[in-house]
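Accompanying notes for the structure given below.
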Amino acid sequence: MLYVLEPAATTAPHTGAVRLRFLLESLTALDGELRARGSSLHVARVADGADVAAEVAAAAARCGATTLVYEDDDSPAGRQRDAAVGAAAAAAGLAVVTRSGHTLYPPALLLDAAGGVAPRTMAAFTSLVDRVGPPRPPLPTVGDDLPPPPPPPPPLGDGEAVADGAVPSLGALGWDAAAAAGLRVRGGEAAALQRMEAFLGRRGGAVVRAFEKPKTSMVAWRTPDTTVLSPYLAAGVLSPRTFYARLREVEAAGNGRHTRPPVSLVGQLLWREHFHLLAGSVPHFGRMAGNPLCRQIPWDDPSTDAAAAARHAAWATARTGYPAVDACMAQLRKEGWVHHLGRHLLACFATRGDLWLSWEAGAATFEELLLDWDPALNAGNWMWLSASAFFNSYFRVYGPVTWMRKVDPEGKFIRHYLPALARLPTAYIYEPWKAPAGVQAAAGVRIGDGGDYPAPIVDHAVVSKVNIDRMAKAFRSGAAAEKGGNKAPAVKVGGVGGWGGGANAKPAAATGAPSRGGRSAKAKADAAPVKTEESGGAGGLRTRSGRVSKKR
Numbered sequence: 001m002l003y004v005l006e007p008a009a010t011t012a013p014h015t016g017a018v019r020l021r022f023l024l025e026s027l028t029a030l031d032g033e034l035r036a037r038g039s040s041l042h043v044a045r046v047a048d049g050a051d052v053a054a055e056v057a058a059a060a061a062r063c064g065a066t067t068l069v070y071e072d073d074d075s076p077a078g079r080q081r082d083a084a085v086g087a088a089a090a091a092a093g094l095a096v097v098t099r100s101g102h103t104l105y106p107p108a109l110l111l112d113a114a115g116g117v118a119p120r121t122m123a124a125f126t127s128l129v130d131r132v133g134p135p136r137p138p139l140p141t142v143g144d145d146l147p148p149p150p151p152p153p154p155p156l157g158d159g160e161a162v163a164d165g166a167v168p169s170l171g172a173l174g175w176d177a178a179a180a181a182g183l184r185v186r187g188g189e190a191a192a193l194q195r196m197e198a199f200l201g202r203r204g205g206a207v208v209r210a211f212e213k214p215k216t217s218m219v220a221w222r223t224p225d226t227t228v229l230s231p232y233l234a235a236g237v238l239s240p241r242t243f244y245a246r247l248r249e250v251e252a253a254g255n256g257r258h259t260r261p262p263v264s265l266v267g268q269l270l271w272r273e274h275f276h277l278l279a280g281s282v283p284h285f286g287r288m289a290g291n292p293l294c295r296q297i298p299w300d301d302p303s304t305d306a307a308a309a310a311r312h313a314a315w316a317t318a319r320t321g322y323p324a325v326d327a328c329m330a331q332l333r334k335e336g337w338v339h340h341l342g343r344h345l346l347a348c349f350a351t352r353g354d355l356w357l358s359w360e361a362g363a364a365t366f367e368e369l370l371l372d373w374d375p376a377l378n379a380g381n382w383m384w385l386s387a388s389a390f391f392n393s394y395f396r397v398y399g400p401v402t403w404m405r406k407v408d409p410e411g412k413f414i415r416h417y418l419p420a421l422a423r424l425p426t427a428y429i430y431e432p433w434k435a436p437a438g439v440q441a442a443a444g445v446r447i448g449d450g451g452d453y454p455a456p457i458v459d460h461a462v463v464s465k466v467n468i469d470r471m472a473k474a475f476r477s478g479a480a481a482e483k484g485g486n487k488a489p490a491v492k493v494g495g496v497g498g499w500g501g502g503a504n505a506k507p508a509a510a511t512g513a514p515s516r517g518g519r520s521a522k523a524k525a526d527a528a529p530v531k532t533e534e535s536g537g538a539g540g541l542r543t544r545s546g547r548v549s550k551k552r
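Set out below in structure tokens:
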């Protein structure tokens, strides 16, 4: 088996140390499974993504292969790469076989059943899936009749390649292992299956049958309320069909008494499926320009605006001065993972809530930091949280002080991830800038310029109202363009969407600004989206040159 490491899988800003460590652990585990069956994994590295096709053809020639088998990649970059690989293989006289395994259904099957146009709402997508029927059962684990290991390739001229095709270390790829010390999940399919079965077995399956994503706790970081299987699904370590099949078995044991989509665990897999279908069929799904689903909102662009760049840097390094926001970012930076409601808070704050930054800039930061990064889910959720698509209640924003205080009044989450604030009295834990100098001194912290923790970079009470007015204008402009036939219609999606959460989850209020319709937009943070961390992202395994599971 061949795995090709592209630069995008091993270098910043396309990945981070935590995700790369998880990838390498998963590859090492796969190699061990293959060796136990008399074969092995061969890892090749290329200096440029355009070299993948040549490397695959060369590897096939070295081992005398007659057939190339690989998994379809539904991302735009993956499709382009795979087309080149397929063409090079065919030119070398290889038979080419592709399979769909990263999703529950082959995307082409769903798209064909939908008449060529992917459903724009979850209700319509669920109806489509009901018509198509359940996905195929997972394939069994491979047996021992695998081909022997291929001969090693010659080393690259730069001397950095692992000549025997072994899985490289973080250090060999230029990373400091200490930067990945926060990883809390083990790589590999065995670890994924163990975690899956442990969650499915909680209280004899009752936890699964009663699962409602919007009701899970974002501050249960020691023992998460959610499965934390998303990294395995994203990287192709765990087959979604395996997870789906086991979920249905556990649900069946409840004699029909279980939650249902969109809030159930099966619903989370369907959200994942929906975004993948949209990403594979909507032009330019991962960006604003040329994307027919995305509202054209005049965000500030950190790549061209120095002030926006400064705001983006503060947000991305957990220095906004709002502890709720910064604690979520600190967890993400350290562990590569944060609960879906934390992702909601981060994304809303960065875009329409406070900083008015382009959602594409936020999505790029998440691409680097997320352990469970998936291009389809990442883009879809950022569009959702920024109200650029799928979500119309732009006047509902997350209050960076009031919202988390309701779910964690003592600020335990803040104290854990922002140790500089650990000794602050509870009265100031969410608003440390209000603590008198004597209180700060007693807590061993100084707030403000040159201090241990910054003052707020924006005044939420002011900027949230300004941004609601901006959003109202953008929505009016979009409606006018639509009426004039110059813009694709905005898409309204019911129910749940995004990185978990749900239409039933109403986080604390945030602003007191009126909505464009004149009714109060008073601080109602809407947890509209739902769907990522349970369903996964997309790591290097899946988008680079294959996935790491033996099952599909």
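Using UniProt numbering, the letters of the sequence shown correspond one by one to residues 1 to 552. Note that beta-carbon positions come from the ideal geometry of N, C-alpha and C, so glycine has one too.
Next item on the list: Give the DSSP-derived three-state secondary structure of HIS339 in the structure shown.
Entry: The sequence position of residue 339 within the sequence shown is 339, counting from 1. Looking at HIS339 - three-state DSSP - the assignment turns out to be coil, as it is neither helix nor strand.
Item checked: Stretch pair the segment 271 to 279 + the segment 374 to 385: three plus CB contacts closer than 8 Å -> yes
Check: How close, in whole Å, do the beta carbons of MET196 and LEU170 come, if the pair is a contact with beta carbons under 8 Å?
Finding: Residue 196 sits at position 196 when you count from the first residue of the sequence shown. Residue 170 sits at position 170 when you count from the first residue of the sequence shown. Contact doesn't hold; Cβ gap of about 26 Å is too wide.
Item checked: ILE414 (DSSP reduced to helix, strand or coil) -> Translated into positions along the sequence shown, residue 414 becomes position 414. In this structure, ILE414 counts as helix in the three-state DSSP scheme.
Item checked: Buried/exposed call for residue 553, threshold 16 Cβ in 10 Å -> What is shown of the chain runs 1 to 552, which leaves residue 553 out entirely.
Next item on the list: Verify whether the separation of the beta carbon atoms of VAL129 and GLY336 is less than 8 Å.
Entry: For the purposes of this step, residue 129 is taken as residue 129 along the sequence shown, with counting starting at 1. For the purposes of this step, residue 336 is taken as residue 336 along the sequence shown, with counting starting at 1. Against a cut-off of 8 Å, the Cβ pair of GLY336 and VAL129 comes out as no contact.
Check: Are LEU146 and GLY78 closer than 8 Å when you measure CB to CB?
Finding: For the purposes of this step, residue 146 is identified with residue 146 of the sequence shown, where counting begins at 1. For the purposes of this step, residue 78 is identified with residue 78 of the sequence shown, where counting begins at 1. No, the pair does not count as a contact, with Cβ atoms beyond the cut-off.
Next item on the list: Please list, in chain order, all residues of the same chain as GLY159 whose beta carbon is under 7 Å from its beta carbon, the five residues on each side excluded.
Entry: Position 159 of the sequence shown, counted from the first residue, corresponds to residue 159. Confidence is the limiting factor: at GLY159 the pLDDT is only 40, short of 50, which leaves the residue's position unreliable and the question unanswerable from this model.
Note to self: Checking 8 Å against the spacing of the C-beta atoms, do PHE22 and PRO231 come in under that value?
What the structure shows: To locate residue 22, count along the sequence shown from 1; it is residue 22. To locate residue 231, count along the sequence shown from 1; it is residue 231. The answer is yes: Cβ separation under 8 Å.
Notebook entry, point to check: How is the beta strand (DSSP E) around HIS284 delimited, first residue to last?
Noted result: The residue given as residue 284 occupies position 284 in the sequence shown. Here HIS284 belongs to no beta strand (DSSP E), and DSSP marks it neither H nor E.
Notebook entry, point to check: Secondary structure at PHE275, three-state DSSP: helix, strand or coil?
Noted result: For the purposes of this step, residue 275 is taken as the residue at position 275 of the sequence shown. PHE275: helix per DSSP, three-state reduction.
Note to self: Please identify the residue among ALA363, ALA95, SER386 and ILE468 whose C-alpha is closest to the C-alpha of ALA65.
What the structure shows: As a first step, residue 65 must be located in the sequence shown, where it is residue number 65. With distances taken between Cα atoms, ALA65 lies closest to ALA95.
Notebook entry, point to check: Can the beta-carbon of VAL4 be found closer than 8 Å to that of ALA44?
Noted result: Taking the sequence shown and counting its residues from 1, one reaches residue 4 at position 4. Taking the sequence shown and counting its residues from 1, one reaches residue 44 at position 44. It is a contact, given that the beta carbons lie within the stated cut-off.
Next item on the list: Could you have a look at THR67 and say whether DSSP puts it in helix, strand or coil?
Entry: Against the sequence shown, residue 67 aligns to sequence position 67. Here THR67 sits in strand by DSSP.
Item checked: CB contact flag (ALA29, ALA190, <8 Å) -> As a first step, residue 29 must be located in the sequence shown, where it is residue number 29. As a first step, residue 190 must be located in the sequence shown, where it is residue number 190. Yes, these two residues count as a Cβ contact at 8 Å.
Notebook entry, point to check: Straight-line CA distance for GLU431 to VAL401?
Noted result: For this step, residue 431 is matched to residue 431 along the sequence shown. For this step, residue 401 is matched to residue 401 along the sequence shown. Cα to Cα, GLU431 sits roughly 7 Å from VAL401.
Next item on the list: Apply the 10 Å Cβ neighbour rule to ASP48 and answer buried if 16 or more other Cβ atoms are within range, or exposed otherwise.
Entry: Here residue 48 refers to the residue found at position 48 when the sequence shown is read from its first residue. That one is exposed.
Note to self: Quick check on ASP74: does DSSP put it in helix, strand or coil?
What the structure shows: In the sequence shown, counting from the first residue as 1, residue 74 sits at position 74. ASP74: coil per DSSP, three-state reduction.
Next item on the list: Could you spell out the range, first to last residue, of the beta strand (DSSP E) harbouring HIS42?
Entry: For the purposes of this step, residue 42 is taken as the residue at position 42 of the sequence shown. Here the beta strand (DSSP E) through HIS42 covers 42 to 45.
Item checked: Range covered by the beta strand (DSSP E) that runs through VAL167 -> Here residue 167 refers to the residue found at position 167 when the sequence shown is read from its first residue. Segment: none, VAL167 is in no beta strand (DSSP E) and carries neither H nor E.
Item checked: Same chain only: Cβ atoms within 7 Å of ARG257, ignoring 5 sequence neighbours per side -> The residue given as residue 257 occupies position 257 in the sequence shown. Counting only Cβ-Cβ distances below 7 Å, and skipping sequence neighbours, we find ARG209.
Note to self: I'd like to check one pair, ARG295 with SER388: are the Cβ atoms closer than 8 Å?
What the structure shows: Position 388 of the sequence shown, counting from 1, holds the residue named residue 388. Position 295 of the sequence shown, counting from 1, holds the residue named residue 295. Contact: yes.
Check: What residues are listed by DSSP as bridge partners for THR98?
Finding: For the purposes of this step, residue 98 is taken as the residue at position 98 of the sequence shown. DSSP lists TYR70 as partners of THR98.
Note to self: Suppose you measure from the CA of ASP326 to the CA of SER127; what does that come to, to the nearest Å?
What the structure shows: Within the sequence shown, residue 326 is the residue found at index 326, counting from 1. Within the sequence shown, residue 127 is the residue found at index 127, counting from 1. Distance from the CA of ASP326 to the CA of SER127, rounded to the nearest whole angstrom, comes to 40 Å.
Next item on the list: Quick one: residues in its chain with C-beta nearer than 8 Å to the C-beta of ALA455, no 5 flanking neighbours on either side, listed in chain order?
Entry: As a first step, residue 455 is located in the sequence shown; it is residue number 455 there, counting from the start. So the qualifying residues of the chain are GLY321, TRP433, ILE447, GLY448 and ASP449.
Item checked: Option in VAL458, VAL462, HIS460 and PRO419 with minimal Cα separation from GLY444 -> For the purposes of this step, residue 444 is identified with residue 444 of the sequence shown, where counting begins at 1. Considering only VAL458, VAL462, HIS460 and PRO419, the residue with the shortest C-alpha distance to GLY444 is PRO419.
Next item on the list: Rank ARG81, ASP112, ARG136 and PRO119 by C-alpha distance to the C-alpha of ALA104 and give the top, closest one.
Entry: Within the sequence shown, residue 104 is the residue found at index 104, counting from 1. This sequence places Leu at residue 104; Ala is not what is there. Checking every option, the nearest Cα to that of LEU104 belongs to ARG136.
Next item on the list: Give me the Cα-Cα distance between GLY222 and ILE297, rounded to the nearest whole angstrom.
Entry: Here residue 222 corresponds to residue number 222 of the sequence shown, with the count starting at 1. Here residue 297 corresponds to residue number 297 of the sequence shown, with the count starting at 1. Per the sequence shown, the amino acid found at residue 222 is Arg instead of Gly. Looking at the two C-alpha atoms, the distance is approximately 39 Å.
Next item on the list: For LEU111, name the three-state secondary structure that DSSP assigns.
Entry: Your numbering for residue 111 matches position 111 in the sequence shown. Reduced to three states, the DSSP call for LEU111 is helix.
Notebook entry, point to check: CA-CA distance, VAL219 and ARG287?
Noted result: The count along the sequence shown starts at 1 and reaches residue 219 at position 219. The count along the sequence shown starts at 1 and reaches residue 287 at position 287. Near 31 Å, if we compare the C-alpha coordinates of ARG287 and VAL219.
Next item on the list: Identify which residue in ASP459, ARG405, VAL407 and CYS348 has its Cα closest to the Cα of GLU393.
Entry: Position 393 of the sequence shown, counted from the first residue, corresponds to residue 393. Contrary to the premise, residue 393 reads as Ser rather than Glu in this sequence. Closest by alpha carbon: CYS348.
Check: So, are the CB atoms of LEU269 and PRO240 less than 8 Å apart?
Finding: Sequence index remark: in the sequence shown, residue 269 carries index 269 (1-based). Sequence index remark: in the sequence shown, residue 240 carries index 240 (1-based). Going by C-beta atoms, LEU269 is nearer than 8 Å to PRO240.
Check: From this set, ALA113, PRO119, MET122 and PHE285, which residue's C-alpha is nearest ARG131's C-alpha?
Finding: Position 131 of the sequence shown, counted from the start, is the residue given in the question as residue 131. Nearest C-alpha to ARG131: ALA113.
Notebook entry, point to check: With distances taken from CA atoms, which of PRO119, ALA361 and ARG343 is nearest ASP372?
Noted result: For this step, residue 372 is matched to residue 372 along the sequence shown. Ranking PRO119, ALA361 and ARG343 by Cα distance to ASP372 puts ARG343 first.
Check: By Cβ distance, which residues of its chain are closer than 6 Å to ARG423, with the 5 residues on each side in sequence left out?
Finding: One-based indexing of the sequence shown puts residue 423 at position 423. The residues are ALA443 and GLY444.
Checklist line | Status (buried if at least 16 other CB within 10 Å, exposed otherwise) for MET1 | finding: Here the question's residue 1 lines up with position 1 in the sequence shown. Burial call: buried.
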